[in-house]
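Take a look at the structure set out below.
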Amino acid sequence: IIGGLLAAAVPILGIIALVIVGVLAYPYIAIISAVLYYRLRELKEGVVVAVEESVIVEETVDPPPTPGT
């Protein structure tokens, strides 16, 4: 709305404002759309699209020393 008002009042400033808003907003909207698509697909079909997290477990040979010994 603000960009449209600026474009009506001063065309050059309005165009610059719309370009800046577009550069900042469109990647954010694209990321939200992609995440929403995969989340809805996962809920509908039961398909797990997410990457599994790997957990590294360290095994100890000796029990840890107790305090005071």
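Under the numbering used here, the first residue of the sequence shown is numbered 571, with each subsequent residue one higher.
Built from N, CA and C at the ideal position, the CB exists for glycine as well.
Same chain, Cβ closer than 6 angstroms to residue i, neighbours up to 5 away in sequence not counted
i: I590; result: none
i: A595; result: none
i: A577; result: G584
Whole-angstrom distance between residue j and residue i, CA atom to CA atom
i: G592; j: R611; result: 28 angstroms
i: E615; j: Y607; result: 12 angstroms
i: L613; j: I599; result: 21 angstroms
i: P597; j: P635; result: 53 angstroms
7 angstroms CB neighbourhood of residue i in its chain, flanking five on each side removed
i: A604; result: none
Handout entry: Contiguous beta strand (DSSP E) assignments of at least 3 residues, all confined to the segment 571 to 614
Key = The qualifying runs do not exist here; there are none.
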